[in-house]
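Participant: Chains as they are written, first to last, in the UniProt record's numbering: chain D, 1 to 315; chain C, 1 to 337. We put the beta carbon where it would ideally sit given N, CA and C, even for glycine.
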Amino acid sequence: MGRYSDDPAWADIIPLPTDEGGPNPLAAIAYDDEYAEAMSYLRAVMAANEFSPRILDLTEDLIDMNPAHYTVWLYRAQCLFALKSDLHAELAWLNATALEHQKNYQIWHHRMLVVDVLDSCEGEREFVSRMFELDAKNYHVWSYRQWLVRRFGLWEQGELEFTRDLIEKDVRNNSAWNHRWYVVNGREEREEGEAGGVVGDAAVREREMEFAMQAIEKAPQNQSSWGYLRGIVRKAGLPLQGCKAFVQRFASLEQPDEVRSSYALDFMAEILAEEKGSEQQAALALDMLAQKYDPVRRNYWEYRKGLLGVDAVAA
Amino acid sequence: MSLVAGPGRGGALDGQLPDELQLVAEKHVAYIQKLDTRRDELEYHLTEHLRLSGIYWGLTALHLLHRADALPRDGVLDFVLSCLHENGGFGAAPGHDPHMLYTISGVQILAMVDGFDELEKRVTDGKRKIADFVASLQQVNGTFAGDEWGETDTRFLYGALNVLSLLGYLPHQRPNEEPALIDVKAAIAHIKACQNFDGGFGVAPGAESHSGQIFTCLAALSIAGELDSYLGEEGKDRLGAWLSERQLDDSGGLNGRPMKLVDVCYSWWVGSSLAMIERLHWIDKKKLATFILQCQDPVEGGVADRPGDMVDVFHTHFAIAGLSLLGYPGVGEVDAT
Ligand SMILES: [Zn+2]
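1. Taking 7 angstroms as the threshold (C-beta atoms), are Tyr4/D and Glu37/D in contact?
2. Quick check on the DSSP output: what are the complete alpha helix (DSSP H) runs of length 4 or more inside the region 229 to 272 of chain D, in order along the chain?
3. Are there 16 or more other CB atoms within 10 angstroms of the CB of Gly309/D, so buried, or fewer, so exposed?
4. Helix, strand or coil for Leu167/C, going by three-state DSSP, please let me know.
5. Would you verify that the beta carbon of Glu234/C is, or is not, closer than 7 angstroms to some beta carbon of chain D?
6. Closer than 6 angstroms: is that where the CB of Asp78/C sits relative to any heavy atom of ligand 1?
7. How would you call Cys75/C, buried or exposed, if buried means at least 16 neighbouring beta carbons within 10 angstroms?
8. Please check if any C-beta of chain D sits within less than 7 angstroms of the C-beta of Ala207/C.
9. Less than 6 angstroms between the CB of Asp250/C and some heavy atom of ligand 1, yes or no?
10. How do the region 171 to 179 of chain D and the region 195 to 205 of chain D stand: do at least 3 beta-carbon pairs fall below 8 angstroms, yes or no?
11. For ligand 1, is there any heavy atom lying closer than 6 angstroms to the beta carbon of residue 328/D?
12. May I have the straight-line CA-CA distance separating His110/D from Tyr70/D, to the nearest angstrom?
13. Quick test of your reading: His99/C and Gly302/C, contact by CB under 8 angstroms. State the CB separation rounded to the nearest angstrom.
14. By the three-class DSSP mapping on this structure, what secondary structure does Thr152/C have?
15. Report yes if the C-beta distance between residue 317/D and Ala269/D is below 7 angstroms; otherwise report no.
16. Taking 8 angstroms as the limit between beta carbons, can you name the residues of its chain near Gln248/D, skipping five residues before and five after?
17. Quick one: give me the first and last residue of the alpha helix (DSSP H) that Arg306/C is part of.
18. Sort Met288/D, Leu272/D, Ala202/D by Cα distance to Gln255/D and report the nearest one.
19. Considering only DSSP beta bridges, list what Leu254/C is partnered with.
20. Would Glu151/C count as contacting chain D if we go by Cβ distances under 7 angstroms?
21. If we ignore side chains and look at the alpha-carbon of each, how far apart do Gly234/C and Leu307/D end up?
22. By the 10 Å Cβ neighbour count, where 16 or more other Cβ atoms means buried, how is Val140/C classified, buried or exposed?
23. Please tell me whether Ser175/D has its Cβ less than 7 angstroms away from any Cβ of chain C.
24. Can you give the beta carbon distance from Ala224/C to Leu161/C, rounded, assuming they're within the 8 angstroms contact cut?
25. Output needed for Met209/D: all residues of its chain with C-beta closer than 7 angstroms, excluding positions within five of it in sequence on either side, in chain order.
26. Look at the alpha carbon of Glu90/D and the alpha carbon of Glu120/C, and state the distance between them as a whole number of angstroms.
27. The alpha helix (DSSP H) that contains Ala203/D, what's its start and end?
28. Does the beta-carbon of Asp309/C, which I'm using as the reference point, lie nearer than 6 angstroms to any heavy atom of ligand 1?
29. Is the CB of Val114/D under 7 angstroms away from at least one CB in chain C?
30. Chain D beta carbons: is any one of them nearer than 7 angstroms to that of Gln247/C?
31. Apart from the five residues on each side of it in sequence, which residues of its chain come closer than 8 angstroms, Cβ to Cβ, to Ala44/D?
32. Please identify the residue among Ala212/D, Val184/D, Phe211/D whose C-alpha is closest to the C-alpha of Asp201/D.
33. Touch check for the region 143 to 163 of chain D and the region 195 to 206 of chain C: three-plus C-beta pairs under 8 angstroms?
34. Could you tell me whether the Cβ atoms of Ala275/C and Leu325/C are closer together than 7 angstroms?
35. Hey, would you say the C-beta of Cys265/C is under 6 angstroms away from at least one heavy atom of ligand 1?
36. On the CB-based measure, 16 or more other CB atoms within 10 Å of its CB, does Asn66/D come out buried or exposed?
Set out below in structure tokens:
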């Protein structure tokens, strides 16, 4: 009748059908597809705590049908390590499975366990880059990439260039911007006392500000590049004034109809708010945002205006 | 409760203007009630690993629609407790391994149906066992794992604090217990390490800011009583700016990260985060409500992630919870954490 019940290799197992715990288990038992059968064999071998090569076949089959079932992954990992299985073969299989089930996240934790035991990241970044070709913002894949960088100390081994290439491809890829920040600043935050990143290293700071500004030139209306620039200014404690000339080119109060970026206008409002005597100007920039350039957040801009401590500016 | 998607799709009836959009509450109730009768569908079995959470989502939605009676309390209690393991952890369904995510759902359901007495009656020291299970998953660096497999996520950390708080087992709720069940200080230090240069929070230190993770981090800080002292007004302003930026002008819906698609579930993750930092009014509430209503299946009930997609109970729950935050008429009040 089924793939397992007809297979002599599984003849010793009495499958355990699902127990829904409800008043009508018949509905569940009547359900006799491949998946239900494989699950009933899994329950049986798990109850017997069996670790054997056929478990790898069974869990592979189940994961192919339903990769989101966390119990199956856990049992497979235990089995792999107990049998001292070939972990390179496991990775090869994981590659195919990850490409097929891109939304699944259990797979990335499993991969981490395997690569950690292997103690080598050979080929890993290449595979991750392939995943990014399909979806360059996959959150779980990015988490895995950061783990690789941390675990194998890859900070200065091409990660910066990797983010440059991805940002070149899509200048609004916020995940790539975030990873860049991590590569530049993440390491120092972990090693006490050692200066570096955009705070401790002036050359790095210059380079990163330049990088952000170039990206802004390319696409002024971009939350990620502006956020990156402002992140540096803020973290390094630089005076906002230093950016004024650059920001002005994208949002000048003298030409209210030619604002090229709401993010620039927002930044300009902050710069002006810090400047002595420019509160009215700052209020004007915030009015422009509230009324024209970002009206959906009108209440936010009004709040910012309130912080200026000036009386209501004529709208 | 099944997690089966469909059969309906979200989308307003042709020709209906936004002002005429209504919450089809009774249809959503019927949709949720019907979910458990769909056991003959393949997807019912493929989503078994989420079942307990599905019940939580369905039940919360019914509570907010003032129809808690629509699912029988006894049946819910029987099912929830049949997912509880000897070690105090809940699995997604009977026979599934215990996991933090389902332990959160299990305890949330028990709290909602006032079921802790029943728990103690059926399982000796039930609350204590659950608390011990949750505490056992804390790692040396303060984080929490989901299960013995060791995956960590700020979701699990928030879940741990939430469960212990509901059970009354947080250290400050039991000042005489030595040593304290968990190290709250280390947990909160980890949350702080997850904050990014843009003011948001990610799943781990260095990981990209994400609205779902921001919710879990804020809720954890809130349960630990550290939300105000840690963020301050300036931190709230920065985070609020990032969160309110999730609303897109054209659809009125919210996304989870910059340059991603809008999705009904972020009505809750972003909305409740903004509510926790008292800045929900920074988004256009009317536009968001309209977007949520457009994701309904107005004929069969249920809500989809966005108009045109299949409805499911997960998004139905987050849609109704989102409307609750917005003070939509006829929907009960929800606690943001
Ligand atoms: Zn969603």
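Facilitator: For this structure:
1. The residue given as residue 37/D occupies position 37 in the first sequence. The residue given as residue 4/D occupies position 4 in the first sequence. Yes. Within cutoff.
2. 244 to 248
3. Position 309 of the first sequence, counted from the first residue, corresponds to residue 309/D. When all chains shown are included, Gly309/D counts as exposed.
4. For this step, residue 167/C is matched to residue 167 along the second sequence. Secondary structure of Leu167/C (DSSP, three-state): helix.
5. Here the question's residue 234/C lines up with position 234 in the second sequence. Not closer than 7 angstroms to any Cβ of chain D, the Cβ of Glu234/C fails to qualify, so no.
6. Reading the second sequence from its first residue, position 78 is the one you call residue 78/C. No.
7. Along the second sequence, read from residue 1 onward, the residue named residue 75/C stands at position 75. The displayed chain sequence assigns Gly, not Cys, to residue 75/C. Under this definition Gly75/C is an exposed residue.
8. Within the second sequence, the letter at position 207 stands for residue 207/C. With 7 angstroms as the cut-off, Ala207/C counts as an interface residue toward chain D.
9. Start at 1 with the first residue of the second sequence, and residue 250/C comes out as number 250. No, ligand 1 has no heavy atom inside 6 angstroms of this Cβ.
10. Taking a cut-off of 8 angstroms for Cβ pairs, the region 171 to 179 of chain D and the region 195 to 205 of chain D do not touch, as fewer than three such pairs fall below it.
11. Not covered by the structure: residue 328/D. The range shown for chain D is 1 to 315.
12. What you label residue 110/D is simply residue 110 of the first sequence in a count that begins at 1. What you label residue 70/D is simply residue 70 of the first sequence in a count that begins at 1. Approximately 10 angstroms, taken between the alpha carbons.
13. Here residue 99/C refers to the residue found at position 99 when the second sequence is read from its first residue. Here residue 302/C refers to the residue found at position 302 when the second sequence is read from its first residue. Wrong, their Cβ atoms sit about 26 angstroms apart, outside the cutoff.
14. For the purposes of this step, residue 152/C is identified with residue 152 of the second sequence, where counting begins at 1. If DSSP states are grouped into helix, strand and coil, Thr152/C belongs with the strands.
15. This structure cannot speak to residue 317/D, because chain D is shown only from 1 to 315.
16. Numbered from 1 along the first sequence, position 248 holds the residue referred to as residue 248/D. Taken in chain order, the residues that qualify are Met268.
17. Position 306 of the second sequence, counted from the first residue, corresponds to residue 306/C. Here Arg306/C belongs to no alpha helix (DSSP H), and DSSP marks it neither H nor E.
18. In the first sequence, residue 255/D corresponds to position 255, counting from 1. The shortest Cα separation from Gln255/D among Met288/D, Leu272/D, Ala202/D belongs to Met288/D.
19. In the second sequence, the residue the question calls residue 254/C occupies position 254. Paired residues: Gln247/C.
20. Taking the second sequence and counting its residues from 1, one reaches residue 151/C at position 151. Yes, its Cβ sits closer than 7 angstroms to a Cβ of chain D.
21. Taking the second sequence and counting its residues from 1, the one referred to as residue 234/C is at position 234. Taking the first sequence and counting its residues from 1, the one referred to as residue 307/D is at position 307. Per the sequence shown, residue 234/C should be read as Glu rather than Gly. If you take the alpha carbons of Glu234/C and Leu307/D, they lie about 11 angstroms apart.
22. The sequence position of residue 140/C within the second sequence is 140, counting from 1. Val140/C comes out exposed.
23. One-based indexing of the first sequence puts residue 175/D at position 175. Output row for Ser175/D: interface = yes.
24. Here residue 224/C is taken as the residue at index 224 of the second sequence, counted from 1. Here residue 161/C is taken as the residue at index 161 of the second sequence, counted from 1. The pair is a contact, with the Cβ atoms about 6 angstroms apart (cut-off 8 angstroms).
25. Reading the first sequence from its first residue, position 209 is the one you call residue 209/D. Excluding positions up to five away in sequence, the list reads Leu229, Ile232.
26. As a working note, residue 90/D is residue 90 in the first sequence. As a working note, residue 120/C is residue 120 in the second sequence. Going from the Cα of Glu90/D to the Cα of Glu120/C covers about 45 angstroms.
27. Here residue 203/D corresponds to residue number 203 of the first sequence, with the count starting at 1. Element bounds for Ala203/D: 202 to 218.
28. Reading the second sequence from its first residue, position 309 is the one you call residue 309/C. No, the Cβ of Asp309/C stays beyond 6 angstroms of every heavy atom of ligand 1.
29. As a working mapping, residue 114/D is identified with position 114 in the first sequence. With 7 angstroms as the cut-off, Val114/D does not count as an interface residue toward chain C.
30. Along the second sequence, one-based indexing puts residue 247/C at 247. By this cut-off, Gln247/C is an interface position.
31. Position 44 of the first sequence, counted from the first residue, corresponds to residue 44/D. The residues are Ile13, Ile14, Pro15, Leu16.
32. In the first sequence, residue 201/D corresponds to position 201, counting from 1. That would be Val184/D, whose Cα lies nearest to the Cα of Asp201/D.
33. With a cut-off of 8 angstroms, the region 195 to 206 of chain C and the region 143 to 163 of chain D count as touching, because enough Cβ pairs lie within range.
34. Here the question's residue 275/C lines up with position 275 in the second sequence. Here the question's residue 325/C lines up with position 325 in the second sequence. Yes.
35. By one-based count along the second sequence, residue 265/C stands at place 265. Correct: Cys265/C has its Cβ closer than 6 angstroms to ligand 1.
36. Stepping through the first sequence from its first residue, residue 66/D is reached at position 66. Buried, by the Cβ-count rule.
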